[in-house]
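First to last, the protein sequences are chains A and B. Here the working numbering = 1-based position in the first sequence + 642. Here the working numbering = 1-based position in the second sequence + 5. Data block below; observations after.
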Amino acid sequence: MGAATLYDKLWDEHVVRYQGDTALLYIDRQLIHEVTSPQAFEGLRIHGRKPRRPEANLAVPDHNVPTTLRAAGITDPVARLQVETLVRNCAEFGITLFGMDDPRQGIVHVIGPETGFTLPGTTMVCGDSHTSTHGAFGALAFGIGTSEVEHVLATRCLVQRKSRAMLVSVDGALGPGITAKDIVLAVIGEIGTAGGTGYVIEFGGEAIRSLSMEGRMTVCNMAIEAGARAGLIAVDEKTIEYVRGRPYAPKGELFEQAAAYWRTLRSDPGAAFDREVHLDAAAIKPQVTWGTSPEMVAPVDGRVPDPDQMLDRAKADGVRRALSYMGLAAGTPIAEIRPDKVFIGSCTNSRIEDLRAAAEVVRGRRVADSIRLAMVVPGSGPVKEQAEAEGLDRVFREAGFEWREPGCSMCLAMNADRLDPGERCASTSNRNFEGRQGYGGRTHLVSPAMAAAAAVAGHFVDVRDL
Amino acid sequence: MQPFSNFTGIVCPLDRSNVDTDAIIPKQFLKSIQRSGFGPNLFDEWRYLDTGEPGRDNSRRPLNREFVLNDPRYAGASILLTRANFGCGSSREHAPWALADYGFKVILAEGFADIFFNNCFENGILPIVLEAPVIDGLFARACGETALTIAVDLTGQTLTLGDGESIPFDVHPYRKHCLLLGLDEIGQTLQHGEAIAAYEERRRQQAPWLFA
């Protein structure tokens, strides 16, 4: 047998049977949330089907939950019904649920790794595109639609065609102050928002290996923004030590047995990829998006591009439309863009290291007067608790930030946290699409440290110069 | 799922790349626990001049006359023509639900985002990838004074234009089979129950920690 990629290994391990060029792929784990599951459970009921291995699922409400006054419940009756429906469905079908009052509640892609439900070498799905996050553990993890959620509940399988394999290698050491978010935004700027379509991307190279597990999650989280089916990072001792001792992780002898297998989860030397992309880590600067697609990104010392200088007419039209929506003139220096709001949170950047990095920047400083709202939304109950134990909540509050309850919040603005039309936001989330953070809202994607820096400066600024 | 039948329909040209699923159906409509009723809010932020909310009477809302879906030429369109990377972003199946509920059965594009592409087939929508020059040619004709109509033949995998020009297209044989018969894909997989059980047994030996 020839040298195999990590993707080959994960794929081969999970094929139940082939039919032509499609495989019936076994799915070890499924995460469930309130927005993309009600119709799947209803489908089971209509057909009189039961979940196969209900214990292989874990559910949590996150998209619709309020980040203020949790005890008051959800005031929006439509959203409340959706969360109540999740509670009822989990009770009826025997699925573990971290309810709104559970101290373990949080964003689905934060609680999976946090509880040890996410394990290396597994296949993992969720009705949510950012399921790619879990690829940081050497797991094959991808987002699916509601029909497929139902398919996995009923059969533990999905009909899949194998993707092509891409290696994105970030070579050399990162400069000081450069984060995982800057890496992944730079990658998307390089290959484009459809650059990964049809591929599973394995991230490698010294800069990726040097990242913490949380940094690796940030990178894999946004693999979907490059269009990839999944993101992957090889298992190493950091992976294994992160998983050790988590509530749902194997224990004792079983853990050692698992870890021995997990250590094999990396691409063999000489394994062939369908495409390889190399980035020089030392050249990556803090990144800020200026448009309405994550590929519309520039270094903080750069400028908004001028569509009149572009040869590709379709691309120039797209840039023109984006600048009009964003209310930006061509050629504007990124550092002159002034946000109205600052959002630190989301499945991309709401873990403890993200909050520490942001708190480090704001410590002893004040949110600029021009900022209408600066908020921190921890990714989960345990993240919030840890941050409070370290006094980070006080650092944020004293600087003028609001300190909220866990949830998806202003990443997609399904709850009350949203931008008003025309408002500009420095956001640590993953999508800058039109209307994503609220009708007419304007999103600039940045790292937690860069969001914090923009909050105190009142405009984008290189966090390394603060 | 209803079997996919050959049909002739009007083409609605949406001349944008990277249309994301947030644009196809904005987040506030995702609070529904139903699969139907999303059609009136398809492309809500582009289609109307105000902000839509679930439960509102959409017939009374001010229309954005500039938006192609509101152009009388394309009334009753069942084929959507668009550019590259259609359906990117969120995995929400509400996007194909909204497109199907509006009446779209076929989407022609230079490319589709992966999750959206799969979600289409689950809902009886046929997404067809065509080369950029072919898409350019279709846009030129679809934007004329009278709308372009196309006859879609999934069995023969061809599109026939009003003037008789024929364009072949690719579709995966399994997807085609399921669409034409309107098959319940879960039912198909459940037929392999023994193979799934055998896999689980083998896996339980190899990776017992996944079954603890």
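Idealized CB from N, CA, C, for every residue including glycine.
Chain B contact residues for residue i, given Cβ-Cβ distances below 9 Å
i: Glu792(A); result: Ile191
i: Met1056(A); result: Lys32, Gln33, Leu35 and Lys36
Residue i: first and last residue of the uninterrupted beta strand (DSSP E) it sits in
i: Glu1002(A); result: From DSSP, Glu1002(A) is part of no beta strand (DSSP E) but of the alpha helix (DSSP H) over Ile994 to Val1004.
i: Pro941(A); result: Val939 to Pro941
i: Asp158(B); result: Thr154 to Asp158
i: Val657(A); result: Val657 to Gln661
i: Asn11(B); result: Careful: Asn11(B) lies outside any beta strand (DSSP E) and carries neither H nor E.
i: His1086(A); result: Arg1084 to Leu1087
i: Glu918(A); result: Arg917 to Asp922
i: Pro173(B); result: Ser171 to Pro173
i: Arg671(A); result: Arg671 to Ile674
i: Ala217(B); result: Careful: Ala217(B) lies outside any beta strand (DSSP E) and carries neither H nor E.
i: Arg1066(A); result: Arg1066 to Ser1069
i: Val1037(A); result: Val1037(A) -> not in any beta strand (DSSP E); alpha helix (DSSP H) instead, spanning Leu1034 to Ala1041.
Exposed unless 16 or more other CB atoms sit within 10 angstroms - verdict on residue i
i: Gln802(A); result: buried
i: Gln7(B); result: exposed
i: Tyr660(A); result: exposed
i: Ser935(A); result: buried
i: Thr18(B); result: For the record, residue 18(B) in the displayed sequence is Pro; it is not Thr. By the neighbour-count rule (16 or more Cβ atoms within 10 Å), Pro18(B) is buried.
i: His182(B); result: exposed
i: Glu895(A); result: exposed
i: Arg730(A); result: exposed
i: His1086(A); result: buried
i: Leu184(B); result: buried
i: Asn11(B); result: exposed
i: Asp1059(A); result: buried
i: Arg687(A); result: exposed
i: Arg955(A); result: exposed
i: Leu186(B); result: exposed
i: Gly644(A); result: exposed
Residue i: contacting residues in chain B (beta-carbon distance under 7 Å)
i: Ser992(A); result: In chain order: nothing, as chain B lies at least about 18 Å away.
i: Thr664(A); result: Tyr179
i: Arg687(A); result: Those do not exist, as Arg687(A) stays about 12 Å from chain B at its closest Cβ, beyond 7 Å.
i: Thr727(A); result: Ile38
N-terminal and C-terminal residue of the alpha helix (DSSP H) that residue i is part of
i: Ser966(A); result: Arg955 to Met968
i: Leu1015(A); result: Element bounds for Leu1015(A): not the alpha helix (DSSP H) but the beta strand (DSSP E), Leu1015 to Val1018.
i: Lys983(A); result: Segment Lys983 to Ile986 is the beta strand (DSSP E) holding Lys983(A); no alpha helix (DSSP H) there.
i: Phe683(A); result: Pro680 to His689
i: Arg208(B); result: Gly198 to Gln211
i: Pro1090(A); result: Pro1090 to Ala1099
i: Tyr903(A); result: Gly894 to Trp904
i: Cys183(B); result: Pro178 to Leu186
i: Thr194(B); result: Glu190 to Leu195
Within chain B, the residues that residue i reaches when beta carbons sit closer than 8 Å
i: Asn706(A); result: Lys36
i: Tyr668(A); result: Ile201, Tyr204, Glu205 and Arg208
i: Ala583(A); result: Absent from the model: residue 583(A). The displayed extent of chain A is 643 to 1108, so no value can be given.
i: Thr764(A); result: Leu215
Contact set between residue i and chain A, taken where Cβ atoms lie within less than 7 Å
i: Asp25(B); result: Phe1075
i: Thr56(B); result: Tyr1081
i: Arg5(B); result: In the structure displayed, chain B extends from 6 to 217; residue 5(B) sits before or after that span and is not available.
i: Leu159(B); result: None at all; the shortest Cβ gap to chain A is about 18 Å.
i: Gly94(B); result: Ser771, Arg1073 and Phe1075
i: Pro18(B); result: Those within 7 Å of Pro18(B) in chain A number zero; the least Cβ separation is about 14 Å.
Chain-ordered chain A contacts of residue i [CB-CB under 9 Å]
i: Glu50(B); result: Glu1076, Gly1077, Tyr1081 and Gly1082
i: Leu195(B); result: Arg691, Ala796 and Thr797
Amino acids of chain A, ordered along the chain, whose beta-carbon sits closer than 8 Å to that of residue i
i: Arg78(B); result: Those within 8 Å of Arg78(B) in chain A number zero; the least Cβ separation is about 22 Å.
i: Asn90(B); result: Thr835, Ala836, Thr839 and Gly869
i: Ser22(B); result: Ala956 and Gly960
i: Pro59(B); result: Val720
In chain order, each beta strand (DSSP E) run of at least 3 residues that lies wholly inside the region 735-791 of chain A: Runs of the beta strand (DSSP E) lying entirely within the region 735-791 of chain A, each at least 3 residues long, are 765-768 and 782-785 in chain order.
Length at least 3, wholly inside the region 70-138 of chain B: the beta strand (DSSP E) runs in chain order: Correct list: 84-86, 111-114 and 131-134.
For the region 969-997 of chain A, which residues have a beta carbon sitting closer than 7 Å to at least one beta carbon of chain B? If the cut-off is 7 Å between Cβ atoms, the region 969-997 of chain A has nothing near chain B.
For the region 880-900 of chain A, which residues have a CB atom closer than 9 Å to at least one CB atom of chain B, in sequence order? For chain B, the residues of the region 880-900 of chain A that bring a beta carbon within less than 9 Å of one of its beta carbons are Ala891, Pro892, Lys893, Leu896, Phe897, Gln899 and Ala900, in chain order.
Would you list, in chain order, the members of the region 902-913 of chain A that have their beta-carbon closer than 9 Å to a beta-carbon of chain B? Result list: Tyr903.
Please list the residues of the region 109-126 of chain B that have a C-beta atom closer than 7 Å to any C-beta atom in chain A, keeping them in chain order. Result list: Gly116, Ala118, Asp119, Ile120, Asn123 and Asn124.
By the 8 Å beta-carbon criterion, what residues does the region 922-951 of chain A contribute toward chain B? For the region 922-951 of chain A, the set of residues with a beta-carbon nearer than 8 Å to any beta-carbon of chain B comprises Ser935, in chain order.
Residues in the region 1002-1027 of chain A having any Cβ partner in chain B nearer than 7 Å: Taken residue by residue, none of the region 1002-1027 of chain A has a beta-carbon sitting less than 7 Å from a beta-carbon on chain B.
Unbroken stretches of the alpha helix (DSSP H), 4 residues or longer, contained in the region 802-886 of chain A: 822-833, 848-851, 855-863 and 879-885, all fully within the region 802-886 of chain A.
Can you pull out the residues from the region 1096-1107 of chain A whose beta carbon lies closer than 8 Å to at least one beta carbon of chain B? Contacts with chain B (Cβ-Cβ distance below 8 Å) from the region 1096-1107 of chain A involve no residue at all.
Closer than 9 Å, Cβ to Cβ, to anything on chain B: give me those residues from the region 778-791 of chain A, in chain order. Under the 9 Å Cβ criterion, the region 778-791 of chain A contributes Phe784, Gly785, Ile786, Gly787, Thr788, Ser789, Glu790 and Val791.
Interface positions of the region 741-752 of chain A facing chain B (Cβ-Cβ less than 8 Å), listed along the chain: Listed by position along the chain: nothing, the set is empty.
Let me know the alpha helix (DSSP H) ranges lying completely inside the region 19-73 of chain B, each 4 residues or longer, listed in chain order. Counting only runs of 4 or more, we get 26-29 and 49-52.
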